[in-house]
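A.B. asks:
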Amino acid sequence: PSTVKLEKPHTSWRKEIITQSAVMEDVLGKAELVARGDASVLLYGESGVGKELFARAIHSASSRCDQPFVAVNCAAISEQLLESELFGHVKGAFTGAIRNHQGLFQLAEGGTLFLDEIGDMPILLQVKLLRALQEKQIRPVGSANTVPVDVRIISATHRNLKTEIAEGNFREDLYYRLDVVALNIPALSQRREDIPLLGNYFLELFTKRYERNINGFSPDAMQMLISASWPGNVRQLQNVIRQVVVLNDAETVEFGVGIRL
């Protein structure tokens, strides 16, 4: 596979984002400007477009880059556990709380806390998050004391939060706290010129990982990738290329060989 060009030093903050798309470059330019301040950022985009990569890039370009970057998926954890994960808990706060536990706010102290799928956060927990953002302090579950925190919040969602607000699923006051700056990350179908670049990058990555000797894609196979709909975006492309490498022992990926879209 063709080797991905090395990034210039001043672009090291975005080294994980592989693109030659003008649309993506525009968003990255805005991300770099946003990173210089401390405003909350809300990333919009379909599942699989790379919202966490953008959050990490903003953190890397910020003055907080030497401090922790901590990520949590708000849709993947139950309400009670998510509260404890975010704010921590004290020993005896609930059944199973056998010791004090620091929350992600404290673990991200001085750095960035990334709240992925914020649109899925339960409404009662949204109230507590809003209070933490307003007061810059948190109260661990079961504790009578508050703890001051200094973190930058970057959040992300694939939902339309204005629709969620209208339907009573998301607090409007929290929305305005989080959406100080909004960035829309384009779907892979909006940046098809990146598909050959990403395809070859993933092919090189996985041929090394799985010790295969695959040199590239046939023109027909590449055209198949470029013209696919990619509802799962970059994550889906990555998984497809992984399957191609695992299932293919030829030197060139041919049309339809191991490619399941």
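Every number in the working numbering is 15 more than the matching position in the sequence shown, counting from 1.
Beta carbons are placed, not taken as given, at the ideal position from N, Cα and C, and that holds for glycine.
1. Using only alpha-carbon positions, find the residue among S170, I229, L252, Q117 that is nearest to V156.
2. Within 8 Å, do at least three Cβ pairs link the segment 106-123 to the segment 57-74?
3. Would you kindly work out how many angstroms separate the C-alpha atoms of G134 and R174, rounded to a whole number?
4. Using the C-alpha atoms, what's the distance from M136 back to E94?
5. What three-state label does DSSP hand V249 in the structure shown?
6. Give every residue of the same chain whose Cβ lies closer than 8 Å to the Cβ of D188, excluding the five residues on either side of it in the sequence, and list them in chain order.
7. For G231, write down the residues that DSSP places opposite it in a beta bridge.
8. Where do the N-terminal and C-terminal ends of the beta strand (DSSP E) with R167 fall, by residue?
9. Determine the DSSP secondary structure at D131, reduced to helix, strand or coil.
10. Suppose you measure from the CA of S244 to the CA of F221; what does that come to, to the nearest Å?
11. Which stretch, first to last residue, makes up the alpha helix (DSSP H) that contains N115?
12. Is it right to say N215 is buried, meaning 16 or more other beta carbons lie within 10 angstroms of its own, or is it exposed?
13. What residue range does the alpha helix (DSSP H) around V56 cover?
14. Is it buried or exposed for S36, if we count other Cβ within 10 angstroms and need 16 for buried?
15. Within this structure, are the beta carbons of Y59 and N199 separated by less than 7 Å?
16. Could you give the DSSP three-state label for F185: helix, strand or coil?
17. Using the Cα positions of G107 and V166, report the straight-line distance between them to the nearest angstrom.
18. Straight-line CA distance for E22 to K143?
19. Taking the alpha-carbon positions, what's the V38 to Q251 distance?
20. Could you compute how far the alpha carbon of S78 sits from the alpha carbon of L212?
21. Per DSSP, what kind of secondary structure is L262 in: helix, strand or coil?
C.D. replies: Per the coordinate set shown:
1. Q117
2. no
3. 6 Å
4. 8 Å
5. helix
6. L145
7. T267
8. 167-172
9. strand
10. 23 Å
11. First-last for N115: undefined, no H or E at that position.
12. buried
13. First-last for V56: 56-59, but that is the beta strand (DSSP E), not the alpha helix (DSSP H).
14. buried
15. yes
16. coil
17. 27 Å
18. In this predicted model, E22 has a pLDDT of only 43, less than 50, meaning its place in the structure is not dependable enough to derive any value.
19. 20 Å
20. 30 Å
21. helix
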